[in-house]
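S.K.: Numbered per UniProt numbering, the sequence shown spans residues 1 to 208.
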Amino acid sequence: MIRARFRLWLSDDLWISDVSRSFPNASLRLLAGAPVDDRTLELGETRADDPHAVVSAIEDHPDVLAHELLYCDAERSLSKYETRDQALFEFLGGSSLLPEFPLLVENGTMTFGITATRADFEEFGDRLDASELRYDLLSVTHREDGSDLLTDRQLECLTVAEQMGYFEVPRECTLAEVADALDVDTSTASETIRRGSARVLNEFLLER
1 MIRARFRLWL SDDLWISDVS RSFPNASLRL LAGAPVDDRT LELGETRADD
51 PHAVVSAIED HPDVLAHELL YCDAERSLSK YETRDQALFE FLGGSSLLPE
101 FPLLVENGTM TFGITATRAD FEEFGDRLDA SELRYDLLSV THREDGSDLL
151 TDRQLECLTV AEQMGYFEVP RECTLAEVAD ALDVDTSTAS ETIRRGSARV
201 LNEFLLER
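Following this line, the structure appears as structure tokens:
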């Protein structure tokens, strides 16, 4: 399996591109999202000098149909919202792959990762090349035996926890906040993160 990370320059007409360009120093993390009928349901986190201003810009954007603020302090916010904009998911979902959450948007660019077979990876690259969108391939790693180090759930939990700052010293969020972002109870989040962290550590030590 191949694991790769990309940076993609977003079209100006996407609402999240519009908002992120208005706040170039802010980080907008899409923690989860899914198209439903003619709308997209999303869970997003904002980190900024003034997260309240970014939240207001999201809420007031004409492509955002509904918005619910779940948490906000002086540095970060967490929101659920519905948008009419499905172009991003239509493009990314046009291949057999879907990006791994969270997606990070900063100043009109989106950073995301995929895990794929070589054939699917090459197909995704061809689709990017044909799109006329500017992109950078940031990293590529390949596991020869094709086995997965983490389960999908462990990977999701560890990725969300890392993006939210759970592993920083001092921590930038609580376990309860990570659990809320994942929509699981605190004990489940704790156990999944513990098991996933142990597997990553064991793999690292075995390779040394």
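Using N, Cα and C, we set each Cβ at its ideal position, and we do this for glycine too. Just so it is clear, the structure is predicted and the values come from calculations on it, not from any experiment.
1) Counting pairs of beta carbons, one from the region 115-125 and one from the region 23-40, are three or more of them closer than 8 Å?
2) Is DSSP giving residue 187 helix, strand or coil here?
3) Which of the three DSSP states is assigned to residue 142 in this structure?
4) Counting C-beta neighbours from all protein chains within 10 Å, is the total for residue 75 16 or more, i.e. buried, or is it exposed?
5) Name the DSSP beta bridge partners of residue 61, please?
6) Report, in whole angstroms, the separation of the C-beta atoms of residue 54 and residue 23, which I expect to be a contact under 8 Å.
7) Express the C-alpha separation of residue 116 and residue 2 in angstroms, rounding to a whole number.
8) Grouping DSSP H, G and I as helix and E and B as strand, with all else coil, what is residue 5?
9) Buried or exposed: residue 187, going by 16 or more other Cβ atoms within 10 Å of its Cβ?
10) Counting only runs that start and end within the UniProt domain "HTH bat-type" (150-200), where is the alpha helix (DSSP H) found for 4 or more residues in a row?
M.R.: So, to answer that:
1) Taking 8 Å as the limit for Cβ pairs, the verdict is that the region 23-40 does not touch the region 115-125.
2) Helix.
3) Three-state DSSP puts residue 142 in a strand.
4) Residue burial annotation: residue 75 is exposed, with fewer than 16 other C-beta atoms found within 10 angstroms of its C-beta.
5) Its beta-bridge partners do not exist; DSSP assigns none.
6) Correct: roughly 5 Å between the Cβ atoms.
7) Near 5 Å, if we compare the C-alpha coordinates of residue 116 and residue 2.
8) If DSSP states are grouped into helix, strand and coil, residue 5 belongs with the strands.
9) Residue 187 is exposed by the Cβ-count criterion.
10) Unbroken alpha helix (DSSP H) stretches of 4 residues or longer found wholly inside the UniProt domain "HTH bat-type" (150-200): 152-163, 175-182, given in chain order.
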